[in-house]
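Novice: Take this structure first; my questions come after.
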Amino acid sequence: MQRAIAQGLWGPFDWVLTPTRQAARAIGVQAQSLDQLLKRLRLDGNLAPMLMRQRALRSAVAAVWPEVEAGQYANTIAPVIREMLHNGWSLAMAAQEPTLSDRARRLVTIAQAYLQALQLAGDQKLDDQQLSDQQLGDQQLGDQSMQRRAVDRPADRLDAAQIYGQAAQAIAQGAVDPLVLGLWGYGYLAPDAIALIDALAGHGSCLWWPDHPALHRLLPDWEQRGWTVRSAAEFFAEFSAESEATASPTECQPWQRAIAFPTLEDEVRWVLAKVKQHLHQGVPANQMVLIARDEQRYGPKLLEVAQEFEVPVRLLYGVPLTQTRVGHWVQCLLEAAQQQWAYEPAVQLLRHPIGRDRLEGQWETARRLRPDRPKAWVHAGLDLTDLAPPAQSARRRATREQWVSWVQDCARSLEIRSGAQHWPSEANALSSLNHHLIELARPSHETLTLASFAQELRELLSLISVPRHPGRGGVELHNPASLIGAQYRYGFALGMVEGWWPAPIAPDLALDWFDRRALTQAGFPMAGTAELADQERLHNSAAFATIQEQLVFSYPQWHGQQPQFPSALLRDPPIKPTEPEPVPDVSPLTSWQRFLTRPDRPADLAQDPFGPVLERAWRMECQRLGGGQPDRPEDLAFHGFLGSLAAMDPDRHTFSASQITDLGQCPFKYFARRVLRLQEPQETEADLPCNSKGNLYHRVLQKLGEQQRDRQAPVFNDPEQRLAALETWLTEAATELQLPRHLTWTAQRQELLAQLQWLILQDTFLPAESTILHCEVPFEGEWLGLKVKGMIDRVDQSPAGLVLIDYKTGKAEGAKVKDQTGQANLDVQLLVYASAAAQLAPETPVAKAYYYSLREAKLVSPQSLTSDNPEVGALVQRLRHHLAAGEYPVDPDREYKACQFCEASSACRCVQDG
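Everything in the sequence shown is counted per the working numbering, starting at 888 for the first residue and increasing by one.
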């Protein structure tokens, strides 16, 4: 039949219409849809812009049902309103129908109010347009390539679902003469489309439909309209006398098979490998198609793997502008403006990947100063005047035209257009955004606050849809409904999973199935579950029929953590899943992954310039995962065995307690922190960081200990003196530590004061029989042959002897190092402190040493561990060996406690079990 149409056996036609490009390509005609023909004939009506339709529906909901949130409910009922209009309802008659439920009657009332609001909005827009044209003349708004002065035309007042009905009425009134039409690739048609085709099509027109039971029930209606219903076999029998060569050939069913894959990624990789194999064999890309019932489930993974395989693909399904880089940039702009250029939202905007990096060369300064308002950004060396909104305070207002101009000016300032040109989808998104911003600026005289404008613009971003990955050429991904009338040699149907394909019929939140059935019985047709199921079967059958040579069904057996089962479509007719055959490697990455795992690697790979590098990287990665020392000397350095490059004399090196802890926990952690001095970039945080808070506590308690050494001091007994002293010490400590300004400092200062007042009144803080001897006292000495130095937070004098105290801002416990079994069980920090007590008070023994939690006012003494313990001696020997040999392998404890607070975690690539 397609060959007969292409050779002109039927016709001649004034126009051959197809709903999609792929259907037009199948019969060799220029792509033109029914909508495009209406535009040519100027029968497309005065379509209201999308924003106008959205505002009108929202206002109708607010007027009819003020108890609900208008915007959210409008989005819920919009599909039902469109279906009512497509089905050609008389809303006035429906409103008078006594059998309607309250829900259905409310929807009809909203639909009537919506159409009235459209009419009123169209009249207002025409008045505003005439006024704006007089004021602006030819003034440009926004980008130089786009003028916002609208074309002089009548007021827009039609919903998109009314276009076909209005066009049919215009044709009936003699607006155009009937045309000889050929319609190919159309499936289920709504009543308004049927009425339009019936009015527009003249004698000799032909509508080709798929031979499917879902369409058979509609045939009597076409016969009543005067159409002759005939089968394809009858047509071919009629034309066989004129051309035997074009007689209907015997249709050959394509070879079909089903393949089960472990995961979705395995499925996608195999399918795209087969696609690339066909491309290498000379099969054109437009003769292959990828089919998925849920395009958004498969689209991202298809695009990712296609880029790796260098296979051209096109993903034409629509995504909202919020899921594009352009849409995200707009949201960042609104957020930054609404937050008064606070640090986090401002950085997201200024360093957005689609625009120019405004923080280039100033990023380190910005992170250190953390500016949070325009003046602070100027102090950091960045002037944001060009991005300032026209009304910066929450209560000030600006016109719609000024707000839209601001968005476009910011886009120019940040060079969004040049950034969007790198991706076809982003270029489309920016073009679509600019187009709809024209309507957002109307009515131009209306004033809005920043919050109101931001809300409308965010709604606009969620309404605009653009193709996911358009481009040119390539193998296309389609859903079954878009393939009716197309023709391909090879097809790959992905995701044949029960519950995915066919898709379950979702409940309608606006109008349930009982209401739909009652409306249909009352003469107001609405699609029910049976009709939707018929449409699903029609789309699937027609889509599979487009494949001429080979159709491969595939599905993943697991998705996430859930097992998946084959679709019911594979049971009628039954197709037993088989194992996939091996496919050639289609990318350098997959080739090397395969060859590196083989002991007998091809000799020609040795000549590959990347061969030695990949071989070495693969070998080192295997050794890292397997553990143990590398077997080749040249690989030692990559596993921390640096030898003389990083060797140190353990007898001359001076340790701190934290250095001993780092080296005892993980040698690489010590090497990264103490030798390479790796550290996270300095960045001022909104809240006071934990380490700064700890330093502040230590400094205040040091001042307390130096001036108030026992429980008889006024600070422990007089509330007024206690508060005054703590406030003074806290202010002095913050100044001495040069803490940067934090957004929440005022609130945190009160929190710190309250915590300190509570803390020093606890009996555990300073027992009655003890006095404070030293605070923040430095020491140097020797511990088990190692030179050590450090700082003890506090030393108390008790009747039993010295008490060594180490403050902790969190839990009262110290970091532990590994024992000989690899478990983090040894707490040696207080052992090191105890060894230094002799120089503080040589005649006084150490009675106790413990950690003290400043948050919980609890003290914890670690398990009894002495310096003569064999585990401690073994630890010291390991430390000396690491330094002397220059060996710093990645070797944390078994439970990876060393990795919980480590700046080098991204560099060590430590594999944590589980």
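Every residue, glycine too, gets a C-beta built ideally from N, C-alpha and C.
Is Y1783 helix, strand or coil by DSSP?
Specialist: Counting from 1 along the sequence shown, the entry for residue 1783 is found at position 896. Three-state result, Y1783: coil.
Novice: Could you name each continuous alpha helix (DSSP H) segment of 4 residues or more that falls completely within the segment 902-986, going from the start of the chain to the end?
Specialist: Complete alpha helix (DSSP H) runs here, min 4: 908-914, 921-927, 937-951, 957-973, 978-983.
Novice: Under the rule that 16 or more other beta-carbon atoms within 10 Å means buried, what is Q1589, buried or exposed?
Specialist: For this step, residue 1589 is matched to residue 702 along the sequence shown. So Q1589 ends up on the buried side.
Novice: Just how far apart, CA to CA, sit A1791 and Q1143?
Specialist: In the sequence shown, residue 1791 corresponds to position 904, counting from 1. In the sequence shown, residue 1143 corresponds to position 256, counting from 1. Going by the C-alpha atoms only, they are around 53 Å apart.
Novice: My assumption, with CB atoms under 8 Å, is that K1463 sits in contact with C1789. Please give the rounded CB distance.
Specialist: One-based indexing of the sequence shown puts residue 1463 at position 576. One-based indexing of the sequence shown puts residue 1789 at position 902. About 52 Å separates the two Cβ atoms, so there is no contact after all.
Novice: What residue from Y1375, E1197, L1640, R1245 has the CA that sits closest to R1742's CA?
Specialist: Locating residue 1742 in the sequence shown gives position 855, counting from the first residue. The shortest Cα separation from R1742 among Y1375, E1197, L1640, R1245 belongs to L1640.
Novice: State the CB to CB distance for the pair L1202 and L1364, rounded to an integer number of angstroms; the pair is presumed to be in contact (CB under 8 Å).
Specialist: Counting from 1 along the sequence shown, the entry for residue 1202 is found at position 315. Counting from 1 along the sequence shown, the entry for residue 1364 is found at position 477. About 5 Å separates the two Cβ atoms, so the contact holds.
Novice: Measuring CA to CA, which of G1672, A1794, L1320 is closest to G1760?
Specialist: Working through the sequence shown from its first residue, we reach residue 1760 at position 873. With distances taken between Cα atoms, G1760 lies closest to G1672.
Novice: Give a yes or no on whether the C-beta atoms belonging to H1286 and S1339 are separated by under 9 Å.
Specialist: Here the question's residue 1286 lines up with position 399 in the sequence shown. Here the question's residue 1339 lines up with position 452 in the sequence shown. According to the sequence as given, residue 1286 is Thr; it is not His. Contact flag unset, no.
Novice: Going by C-alpha to C-alpha distance, which of A1057, A1275, P1496, H1526 sits closest to Q1510?
Specialist: Along the sequence shown, read from residue 1 onward, the residue named residue 1510 stands at position 623. Measuring from the Cα of Q1510, the nearest candidate turns out to be H1526.
Novice: Just verifying my parser: in three-state terms, what is the DSSP assignment at A1499?
Specialist: Here residue 1499 refers to the residue found at position 612 of the sequence shown. Residue identity differs from the one stated: residue 1499 is Pro in this sequence, not Ala. Three-state DSSP puts P1499 in a helix.
Novice: What number of angstroms, rounded off, separates the C-alpha of Q1034 from the C-alpha of R929?
Specialist: In the sequence shown, counting from the first residue as 1, residue 1034 sits at position 147. In the sequence shown, counting from the first residue as 1, residue 929 sits at position 42. For Q1034, the predicted model reports a pLDDT of 35, less than 50, meaning its position is unreliable and no value from the coordinates is stated.
Novice: Sorted by chain position, which residues of the same chain lie with C-beta nearer than 7 Å to D1800's C-beta, five sequence neighbours on each side aside?
Specialist: Here residue 1800 corresponds to residue number 913 of the sequence shown, with the count starting at 1. Note that D1800 has pLDDT 49, beneath the 50 cutoff, so the model's placement of it is unreliable and the number below is only indicative. For D1800, where only same-chain residues beyond five positions count, there are no Cβ hits under 7 Å.
Novice: Taking the beta carbon of G1592 as the centre, do at least 16 other beta carbons fall within 10 Å, making it buried, or is it exposed?
Specialist: By one-based count along the sequence shown, residue 1592 stands at place 705. So G1592 counts as buried.
Novice: With distances taken from CA atoms, which of V1704, T1651, A1721 is nearest M1678?
Specialist: Against the sequence shown, residue 1678 aligns to sequence position 791. When only C-alpha atoms are compared, the closest one is A1721.
Novice: With burial defined as no fewer than 16 other Cβ atoms inside 10 Å of the residue's Cβ, what is the status of V1206: buried or exposed?
Specialist: The residue labelled residue 1206 in the question sits at position 319 within the sequence shown. Per the 10 Å Cβ criterion, buried.
Novice: Residues in the same chain with beta-carbon distance under 8 Å from R1485, minus the five sequence neighbours each way, listed in chain order, please.
Specialist: Walking along the sequence shown from the start, residue 1485 turns up at place 598. No residues qualify anywhere along the chain.
Novice: With C-beta atoms as the reference, is I1050 less than 9 Å away from L934?
Specialist: Indexing the sequence shown from 1 puts residue 1050 at position 163. Indexing the sequence shown from 1 puts residue 934 at position 47. The answer is yes: Cβ separation under 9 Å.
Novice: If you reduce the DSSP assignment to three classes, tell me which class T1133 lands in.
Specialist: Walking along the sequence shown from the start, residue 1133 turns up at place 246. Confidence is the limiting factor: at T1133 the pLDDT is only 43, short of 50, which leaves the residue's position unreliable, though a coordinate-based value still follows. T1133 falls in the helix class under three-state DSSP.
Novice: Could you give the first and the last residue of the continuous beta strand (DSSP E) run that contains A1687?
Specialist: Numbered from 1 along the sequence shown, position 800 holds the residue referred to as residue 1687. Note, A1687: premise wrong, no beta strand (DSSP E); not H, not E.
Novice: Is DSSP giving K1695 helix, strand or coil here?
Specialist: For the purposes of this step, residue 1695 is taken as residue 808 along the sequence shown, with counting starting at 1. The answer is strand: DSSP assigns K1695 an E or B state.
Novice: Which full runs of the alpha helix (DSSP H) of 4+ residues lie inside the segment 1509-1586, going along the chain?
Specialist: Taking only runs of at least 4 residues, the alpha helix (DSSP H) segments lying wholly in the segment 1509-1586 are 1544-1552, 1554-1557.
Novice: Quick check on R1781: buried or exposed, where buried means 16 or more other Cβ atoms within 10 Å of its Cβ?
Specialist: Along the sequence shown, read from residue 1 onward, the residue named residue 1781 stands at position 894. Label assigned to R1781: exposed.
Novice: What does the alpha-carbon distance come out to for the pair Q1595 and K1262?
Specialist: By 1-based counting over the sequence shown, the position of residue 1595 is 708. By 1-based counting over the sequence shown, the position of residue 1262 is 375. Going by the C-alpha atoms only, they are around 43 Å apart.
Novice: Ends of the alpha helix (DSSP H) at C1219?
Specialist: Residue mapping note: residue 1219 aligns to position 332 of the sequence shown, counting from 1. First-last of the alpha helix (DSSP H) with C1219: 1212-1225.
Novice: Could you compute how far the alpha carbon of R1503 sits from the alpha carbon of Q1480?
Specialist: The residue you call residue 1503 lines up with position 616 of the sequence shown. The residue you call residue 1480 lines up with position 593 of the sequence shown. Distance between the alpha carbons of R1503 and Q1480 is about 13 Å.
Novice: When the Cβ atoms of the segment 1102-1109 are set against those of the segment 910-923, are three or more pairs found closer than 8 Å?
Specialist: Too few Cβ pairs lie closer than 8 Å, so no.
Novice: Can you round the beta-carbon distance between R1156 and V1192 to whole angstroms, since I take them to be within the 8 Å contact cut?
Specialist: Counting from 1 along the sequence shown, the entry for residue 1156 is found at position 269. Counting from 1 along the sequence shown, the entry for residue 1192 is found at position 305. The pair is a contact, with the Cβ atoms about 5 Å apart (cut-off 8 Å).
Novice: What residue from A982, A950, V995 has the CA that sits closest to I968's CA?
Specialist: In the sequence shown, counting from the first residue as 1, residue 968 sits at position 81. The residue with the shortest Cα to Cα distance from I968 is V995.
Novice: Are the segment 1388-1402 and the segment 1415-1430 in contact at 8 Å, needing three or more beta carbon pairs?
Specialist: Flag = yes, the segment 1388-1402 and the segment 1415-1430 touch.
Novice: Is C1297 helix, strand or coil when you go by DSSP?
Specialist: Translated into positions along the sequence shown, residue 1297 becomes position 410. The answer is helix: DSSP assigns C1297 an H, G or I state.
Novice: Where does S1754 fall in DSSP's three states?
Specialist: Reading the sequence shown from its first residue, position 867 is the one you call residue 1754. Coil at S1754, not helix or strand.
Novice: Give me whichever residues DSSP pairs with I1178 in a beta bridge.
Specialist: Taking the first residue of the sequence shown as 1, we reach residue 1178 at position 291. DSSP output for I1178 lists H1365, A1380 as bridge partner(s).
Novice: In three-state terms, what does DSSP make of F1431?
Specialist: Counting from 1 along the sequence shown, the entry for residue 1431 is found at position 544. Of the three classes helix, strand and coil, the one that applies to F1431 here is helix, per DSSP.
Novice: From W1290 to P1277, what distance separates their C-alpha atoms?
Specialist: Here the question's residue 1290 lines up with position 403 in the sequence shown. Here the question's residue 1277 lines up with position 390 in the sequence shown. Near 7 Å, if we compare the C-alpha coordinates of P1277 and W1290.
Novice: Quick one: grab the DSSP three-state call for S1092.
Specialist: By 1-based counting over the sequence shown, the position of residue 1092 is 205. Note: S1092 maps to coil in three-state DSSP.
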